[in-house]
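J.: What follows is a single structure, and I will ask about it in a moment.
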Amino acid sequence: MKITAALSGRGGEAPQLVELEQEAPRAGEMRIRLVATGICHTDLHEHPGRHSPQPIVLGHEGAGVVEELGEGVTDFAVGDHVILSGNSCGQCPSCLAGLPTYCDLAMPLCFGGKRLDGSTALCAGDETVHSHFFGQSSFATHSIVPQRTAVKMAKDLPLEKLGPLGCGVVTGAGGVIEALKVGFGDTIAVFGTGGVGLSAVMAAKLVGAKRIVAVDLSDERLEMAREFGATDTFRGDQDGLADAIRQVTGRGVDYTFNTTNAGAVHTLALEVLAMNGMAGFVAAPLPDKDGPWSPQMFAMLAGGRQLRGILGGDANPRTFLPQLAEYWRQGLLPFDRMLKFYPFADIERAFADAKSGVAIKPVLLMESQDDA
Ligand SMILES: [Zn+2]
Ligand SMILES: [Zn+2]
Numbered sequence: 001m002k003i004t005a006a007l008s009g010r011g012g013e014a015p016q017l018v019e020l021e022q023e024a025p026r027a028g029e030m031r032i033r034l035v036a037t038g039i040c041h042t043d044l045h046e047h048p049g050r051h052s053p054q055p056i057v058l059g060h061e062g063a064g065v066v067e068e069l070g071e072g073v074t075d076f077a078v079g080d081h082v083i084l085s086g087n088s089c090g091q092c093p094s095c096l097a098g099l100p101t102y103c104d105l106a107m108p109l110c111f112g113g114k115r116l117d118g119s120t121a122l123c124a125g126d127e128t129v130h131s132h133f134f135g136q137s138s139f140a141t142h143s144i145v146p147q148r149t150a151v152k153m154a155k156d157l158p159l160e161k162l163g164p165l166g167c168g169v170v171t172g173a174g175g176v177i178e179a180l181k182v183g184f185g186d187t188i189a190v191f192g193t194g195g196v197g198l199s200a201v202m203a204a205k206l207v208g209a210k211r212i213v214a215v216d217l218s219d220e221r222l223e224m225a226r227e228f229g230a231t232d233t234f235r236g237d238q239d240g241l242a243d244a245i246r247q248v249t250g251r252g253v254d255y256t257f258n259t260t261n262a263g264a265v266h267t268l269a270l271e272v273l274a275m276n277g278m279a280g281f282v283a284a285p286l287p288d289k290d291g292p293w294s295p296q297m298f299a300m301l302a303g304g305r306q307l308r309g310i311l312g313g314d315a316n317p318r319t320f321l322p323q324l325a326e327y328w329r330q331g332l333l334p335f336d337r338m339l340k341f342y343p344f345a346d347i348e349r350a351f352a353d354a355k356s357g358v359a360i361k362p363v364l365l366m367e368s369q370d371d372a
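In our numbering, the protein residues as written are 1 to 372.
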């Protein structure tokens with residue numbers, strides 16, 4: 001079948017729209033007609049080439065309608081509304097424990113650009129095009145997805161808004177709720193208030209955190225963080241920041257959630273922890289002029305503090321994403337206020353706005369709302 005997709009690997013600042021040939025879904029897979037797809041920073045980092053082979057169709061916050069079932073698909077029916085999350089094997093100890101983002105095969109299944117048997121779902125004439133990015137490659141009008149990648153959503157929800165639940169929103173909200181297990185009366189500081197950080201702020205408010213500190217370099221983002229529930233906001237470049245944050249409670253915060261890759265912020269996120277605090281992070285610190293970042297081990301030892309990497313919010317998408325949608329329905333998780341919509345053809349502008357920060361969470365619309 002002919003599809004339109006945005007291809008990475010041929011240069012340029014953003015993927016380019018091209019016509020590709022897509023095969024039929026194989027056993028255990030489905031064809032999804034995409035309605036919308038969010039753009040996430042992982043797409044920006046992969047576009048010039050990083051972990052995945054090229055040429056490839058990226059995109060991993062897809063939302064769409066099940067159009068065709070491969071052999072043996074039993075969890076879905078044609079016409080179901082689905083959002084797409086990461087791919088996982090379903091059989092390793094992590095998957096069996098309901099922690100599919102830590103699947104033993106997460107790297108080949110999400111970044112390998114092909115099925116485990118080496119095949120891809122896409123080609124351009126004689127040229128192989130890599131597919132199955134996060135099990136979806138959703139910068140396209142249609143996507144071939146393993147059924148484990150898909151999560152069924154209620155048909156009365158606005159499908160075009162739901163894609164970011166599958167990565168950006170769950171990374172922040174799941175990080176706070178599922179991984180750190182922040183609860184009533186707890187205190188937390190969130191570093192970086194992009195889409196992931198703002199989702200973390202919303203989730204901290206949802207679970208009843210007593211003080212929610214937000215730190216960013218943008219006054220506008222900090223204002224948004226306040227609207228979403230931050231009780232205290234600080235500019236990241238202010239003098240004496242560590243003391244100022246510690247003074248919010250007088251003894252530091254119970255949790256930090258760091259969405260940045262700056263070594264100095266990783267150091268700060270440990271410094272502001274109270275005794276027995278936990279520092280969660282979703283991006284690794286980049287090496288700086290002093291070399292690779294390393295934590296202050298004595299402060300961790302003396303305070304019983306923990307440093308915790310978190311992928312995909314520790315969440316099991318099949319159960320957690322419909323819960324997030326339900327909280328959105330009740331007005332308790334207004335993530336849609338972060339979204340900015342672009343026609344699919346404007347992917348270059350959407351990529352530029354994601355990079356510059358003009359848009360917190362750009363979402364590409366694959367078709368007009370009328371026939372969605
Ligand atoms: Zn992502
Ligand atoms: Zn697995």
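Think of the CB as a built atom: it goes at the ideal place given N, C-alpha and C, for glycine as much as any other residue.
For D290 and H41, what's the separation of their Cα atoms in angstroms?
T.: Working through the sequence shown from its first residue, we reach residue 290 at position 290. Working through the sequence shown from its first residue, we reach residue 41 at position 41. For D290 and H41, the distance between alpha carbons rounds to 26 Å.
J.: Going by the C-beta, is T42 closer than 7 Å to any heavy atom of ligand 4?
T.: Among the ligands modelled here, namely ligand 1 and ligand 2, ligand 4 does not occur.
J.: Tell me whether the stretch 83-94 and the stretch 185-198 touch, counting them as touching only if at least three CB pairs, one residue from each stretch, are closer than 8 Å.
T.: No, the stretch 83-94 does not touch the stretch 185-198.
J.: If you reduce the DSSP assignment to three classes, tell me which class G291 lands in.
T.: As a position in the sequence shown, residue 291 is number 291, starting the count at 1. In the structure shown, G291 sits in a strand (DSSP, three-state: E or B).
J.: Which residue from I360, A315 and E326 puts its Cα closest to that of L96?
T.: Residue numbering aside, residue 96 sits at position 96 when the sequence shown is read from its first letter. Among I360, A315 and E326, the Cα nearest to that of L96 is on A315.
J.: Can you tell me the Cα-Cα spacing of V201 and L84, whole angstroms?
T.: Against the sequence shown, residue 201 aligns to sequence position 201. Against the sequence shown, residue 84 aligns to sequence position 84. When rounded, the distance between both Cα atoms is 23 Å.
J.: Closest by CA to T231, which one among G240, A269 and G208?
T.: Here residue 231 corresponds to residue number 231 of the sequence shown, with the count starting at 1. Nearest option by C-alpha distance: G208.
J.: Rounded to the nearest angstrom, what separates E13 and Y342 at their Cα positions?
T.: To locate residue 13, count along the sequence shown from 1; it is residue 13. To locate residue 342, count along the sequence shown from 1; it is residue 342. Cα-Cα distance, rounded: 17 Å.
J.: With a threshold of 7 Å (Cβ to nearest heavy atom), would S88 be considered close to ligand 2?
T.: Numbered from 1 along the sequence shown, position 88 holds the residue referred to as residue 88. The answer is yes for S88.
J.: Which first and last residues belong to the alpha helix (DSSP H) in which D75 is found?
T.: Locating residue 75 in the sequence shown gives position 75, where the first residue counts as 1. Looking at the DSSP string, D75 is not in any alpha helix (DSSP H), and its letter there is neither H nor E.
J.: Using CA atoms only, rank isn't needed, just tell me which of D336, G277, S143 and L165 is closest to Q306.
T.: Within the sequence shown, the letter at position 306 stands for residue 306. When each option's Cα is compared against that of Q306, the closest is G277.
J.: Can you tell which of G28, T101, P100 and I188 has the C-alpha that lies nearest to the C-alpha of D75?
T.: Residue 75 sits at position 75 when you count from the first residue of the sequence shown. It is G28.
J.: Does the beta-carbon distance from L109 to G135 come in below 8 Å?
T.: The count along the sequence shown starts at 1 and reaches residue 109 at position 109. The count along the sequence shown starts at 1 and reaches residue 135 at position 135. A contact, by the Cβ cut-off of 8 Å.
J.: Can you find a C-beta in chain D that's less than 8 Å from the C-beta of H51?
T.: Of the chains in the structure shown, none is chain D; there is only one protein chain.
J.: Per DSSP, what kind of secondary structure is A244 in: helix, strand or coil?
T.: Position 244 of the sequence shown, counting from 1, holds the residue named residue 244. Looking at A244 - three-state DSSP - the assignment turns out to be helix.
J.: What residues in its chain sit with their C-beta under 6 Å from that of I310, if we drop five residues either side in the sequence?
T.: Taking the first residue of the sequence shown as position 1, residue 310 is located at position 310. Within the same chain, I310 has close Cβ partners G175, A179, G280 and V282.
J.: Quick check on this structure: which residue in G312, V73, S199 and D80 has the alpha carbon closest to the alpha carbon of W328?
T.: Residue mapping note: residue 328 aligns to position 328 of the sequence shown, counting from 1. For the residues G312, V73, S199 and D80, the minimum Cα distance to W328 belongs to S199.
J.: Is it buried or exposed for F139, if we count other Cβ within 10 angstroms and need 16 for buried?
T.: Stepping through the sequence shown from its first residue, residue 139 is reached at position 139. It counts as buried.
J.: Can you give the beta carbon distance from V65 to V35, rounded, assuming they're within the 8 Å contact cut?
T.: In the sequence shown, the residue the question calls residue 65 occupies position 65. In the sequence shown, the residue the question calls residue 35 occupies position 35. Yes, V65 and V35 are in contact; Cβ-Cβ is about 7 Å, under 8 Å.
J.: Flag G9 as yes when its Cβ comes closer than 7 Å to any non-hydrogen atom of ligand 1, and as no otherwise.
T.: Locating residue 9 in the sequence shown gives position 9, where the first residue counts as 1. No, Cβ of G9 sits at least 7 Å from all heavy atoms of ligand 1.
J.: Quick one: any contact between the stretch 37-55 and the stretch 110-121, if contact means 3 or more CB pairs under 8 Å?
T.: Yes, they touch.
J.: Could you give the DSSP three-state label for T4: helix, strand or coil?
T.: Taking the first residue of the sequence shown as 1, we reach residue 4 at position 4. If DSSP states are grouped into helix, strand and coil, T4 belongs with the strands.
J.: Inspect the CB distances between the stretch 55-71 and the stretch 140-149 and report whether three or more fall short of 8 Å.
T.: The answer is yes - the stretch 140-149 touches the stretch 55-71, with three or more Cβ pairs under 8 Å.
J.: The beta strand (DSSP E) spanning A319 covers which residue range?
T.: Start at 1 with the first residue of the sequence shown, and residue 319 comes out as number 319. The identity of residue 319 in the sequence shown is Thr, whereas the question assumes Ala. Where T319 is concerned, there is no enclosing beta strand (DSSP E), although the alpha helix (DSSP H) it sits in stretches over P317 to R329.
J.: If contacts are defined as beta-carbon pairs under 8 Å, then F191 and V215 qualify, I think. What distance do you get, rounded to the angstrom?
T.: For the purposes of this step, residue 191 is identified with residue 191 of the sequence shown, where counting begins at 1. For the purposes of this step, residue 215 is identified with residue 215 of the sequence shown, where counting begins at 1. Correct: roughly 5 Å between the Cβ atoms.
J.: Measuring from the CB of Q91, is there a heavy atom of ligand 2 at a distance below 7 Å?
T.: The residue given as residue 91 occupies position 91 in the sequence shown. Q91 Cβ: within cutoff of ligand 2.
J.: Reducing DSSP to helix, strand and coil, say where I83 ends up.
T.: For this step, residue 83 is matched to residue 83 along the sequence shown. Here I83 sits in strand by DSSP.
J.: Taking DSSP as the reference, what is the three-state secondary structure of A121?
T.: For the purposes of this step, residue 121 is identified with residue 121 of the sequence shown, where counting begins at 1. Coil at A121, not helix or strand.
J.: Could you give the DSSP three-state label for E23: helix, strand or coil?
T.: Indexing the sequence shown from 1 puts residue 23 at position 23. The answer is coil: DSSP assigns E23 none of H, G, I, E or B.
J.: Would E61 be called buried (16 or more neighbouring beta carbons within 10 Å of its own) or exposed?
T.: Taking the first residue of the sequence shown as 1, we reach residue 61 at position 61. When all chains shown are included, E61 counts as buried.
J.: Return yes when at least one heavy atom of ligand 2 lies under 7 Å from the C-beta of C110, else no.
T.: Position 110 of the sequence shown, counted from the first residue, corresponds to residue 110. Checking the Cβ of C110 against ligand 2 gives no.
J.: On the DSSP letters alone, give me the boundaries of the beta strand (DSSP E) that P362 sits inside.
T.: Position 362 of the sequence shown, counted from the start, is the residue given in the question as residue 362. That run of the beta strand (DSSP E) goes K361 to L365.
J.: Within the chosen definition, does the stretch 157-172 reach the stretch 285-300 through at least 3 CB pairs nearer than 8 Å?
T.: Flag = no, the stretch 157-172 and the stretch 285-300 do not touch.
J.: DSSP three-state label for R221, please.
T.: In the sequence shown, counting from the first residue as 1, residue 221 sits at position 221. Correct three-state label for R221: helix.
J.: Which residue comes first and which comes last in the alpha helix (DSSP H) that contains R349?
T.: Residue 349 sits at position 349 when you count from the first residue of the sequence shown. Taken as a continuous stretch (DSSP letters only), the alpha helix (DSSP H) holding R349 covers I347 to S356.
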